[in-house]
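In my numbering, the protein residues as written are 1 to 488.
Dropping the structure here:
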């Protein structure tokens, strides 16, 4: 843990530079009167709420929200850095409500709202706002999702609740963090800081996950093993983030000393094994292959050999990888249905959802309706949303938004991959980081079409858009500085 703390201190040393922003970036609440008015107003609301409900969580939550709001609007770069560092610890709270009836009354939801507000302030007050290339397509996805949310609320009113609205806030937060990172971390030095923050942010959850593993885990429903999920909503989401952080530590953070990088990587990989997640293992091994084959073939071969040895030597890992059919033979010799989360089960799940999609092939069923319309039901979830998720990005988008929304998502991934290719091919100091971001987007596509919906992993998606946005901003700044240096 001392090594991880030292790594955080290395990153913190760079924060003063990121905290100093131009006057037009500070926003409307940067003045003392604006801050004082916000604090007084929040205090008044907290007092009224406390008097009316007697619930201390409401004023404490408002106090925390006020503190975050002041930090966000006065020192937005510091706020964004802290957010990226701590978001993995808040992932498990994204589905919880601390105040009944308030959709975003949880830490993850509150910060998402703040990000959206900061982006709106930046758009309305900044004279030199840089809009990264993927913003237009991402906004198109958001606009089409608004229609899809309205369609879901119309058809499933009283059943789906406010889930479509929550999803719209989440998508808006993706736009916000992409835009903010491209402007607040728009230099090569600050971009390197973002990569360090995201890489090291996985260490605390990894330590928590290892502690869970040591204390023992109950087997998951339909499985014979317990899987580590740490502070995340599930082991697959946790594994995907661990794999992303591990790849960053290996290929994108050479400025970190080895006494920080290697122990951090070891903790992350141990926790990754404990997730027993094929998604995480595939992301890590495929990422290593894509990043290192041209320059470090021996390392790639050694990693592949180590993975093969792990698969065949550890029974639990062997059953998880090799036993992909997931079929169980009963005492009578009858082959039972595929077990939950096996690959055969996923294929069957996709087939059922596509059959259901034919009932509404033009506009789908609406945003966040997949678990409500999925014919495959489970006793593990409470009605009415007792259906499984799609576990496939393309199937989920098609069922919820039809071919138009699916085309928008295809355009989004094409735009992000295209920009990453441009950054990876360009001759500039952060060319290597462009390659890393390109590989991460390719991995997201592979996972989205074969294993799970990567965009449902909010923490990892925030990291992807932050890395991509900051890298685009840094490229623009570097080109401007190079032009000035050449006297053009």
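Cβ atoms here follow ideal geometry from the backbone N, Cα and C, with glycine treated the same way.
Use the C-beta contact count for residue i: other C-beta atoms within 10 angstroms, 16 or more gives buried, fewer gives exposed.
i: residue 492; result: Given a span of 1 to 488 for the chain in the structure shown, any question on residue 492 remains unanswerable.
i: residue 123; result: exposed
i: residue 351; result: exposed
i: residue 257; result: exposed
i: residue 427; result: exposed
i: residue 245; result: buried
i: residue 143; result: exposed
i: residue 158; result: exposed
i: residue 261; result: buried
i: residue 76; result: buried
i: residue 265; result: buried
Measure the alpha-carbon distance for residue i versus residue j and round it to whole angstroms.
i: residue 457; j: residue 477; result: 30 Å
i: residue 418; j: residue 424; result: 10 Å
i: residue 356; j: residue 404; result: 17 Å
i: residue 406; j: residue 368; result: 14 Å
i: residue 129; j: residue 422; result: 21 Å
i: residue 448; j: residue 374; result: 18 Å
i: residue 194; j: residue 467; result: 7 Å
i: residue 400; j: residue 411; result: 17 Å
i: residue 376; j: residue 390; result: 10 Å
i: residue 277; j: residue 178; result: 28 Å
i: residue 217; j: residue 234; result: 13 Å
i: residue 393; j: residue 413; result: 12 Å
i: residue 210; j: residue 255; result: 27 Å
i: residue 465; j: residue 292; result: 23 Å
i: residue 119; j: residue 344; result: 43 Å
i: residue 454; j: residue 460; result: 8 Å
i: residue 152; j: residue 172; result: 18 Å
Whose C-alpha, out of the options, is nearest the C-alpha of residue i?
i: residue 253; options: 199, 358, 117, 156; result: 199
i: residue 168; options: 146, 481, 89, 204; result: 146
i: residue 150; options: 479, 363, 349; result: 363
i: residue 371; options: 359, 353, 215; result: 353
i: residue 84; options: 462, 486, 479; result: 462
i: residue 429; options: 481, 455, 441, 212; result: 481
i: residue 442; options: 74, 288, 388, 131; result: 288
i: residue 86; options: 439, 181, 153, 108; result: 108
i: residue 156; options: 388, 273, 366; result: 366
i: residue 88; options: 202, 127, 74, 148; result: 202
Once the 5 residues before and after residue i are set aside, which same chain residues still bring their CB inside 6 Å of it?
i: residue 415; result: 134, 137
i: residue 243; result: 280, 283, 284
i: residue 397; result: 405, 406, 409
i: residue 182; result: 130, 132, 469, 472, 473
i: residue 140; result: 408
Using C-beta distances below 8 Å, list every residue in its chain close to residue i, excluding the 5 sequence neighbours before and after it, in chain order.
i: residue 483; result: none
i: residue 170; result: 112, 458
i: residue 248; result: 195, 198, 199, 436
Please find out if some non-hydrogen atom of the ligand MN comes closer than 7 Å to the beta-carbon of residue i.
i: residue 174; result: Looking at this structure, you won't find the ligand MN or any other ligand, since it has none at all.
Tell me which same chain residues have a C-beta within less than 7 Å of the C-beta of residue i, skipping the five on either side of it?
i: residue 445; result: 413
i: residue 388; result: 349, 371, 374, 376, 378
Next on the checklist: Assess contact between the segment 181-200 and the segment 462-477, defined as three or more Cβ pairs (one per stretch) separated by less than 8 Å. Is contact present?
Outcome noted: Contact holds: three or more Cβ-Cβ distances are below 8 Å.
Item to check | contact_flag[the segment 71-90, the segment 106-116] where n(CB pairs < 8 Å) is 3 or more | outcome: Touching, yes, given that three or more Cβ pairs across the two stretches are closer than 8 Å.
Next on the checklist: Below 8 Å, how does it come out for the segment 227-236 and the segment 163-182: are there three or more Cβ pairs, yes or no?
Outcome noted: Verdict: no, contact absent.
Item to check | the segment 205-218 contacting the segment 266-279, beta-carbon criterion three pairs below 8 Å | outcome: Counting Cβ pairs under 8 Å, three or more are found: they touch.
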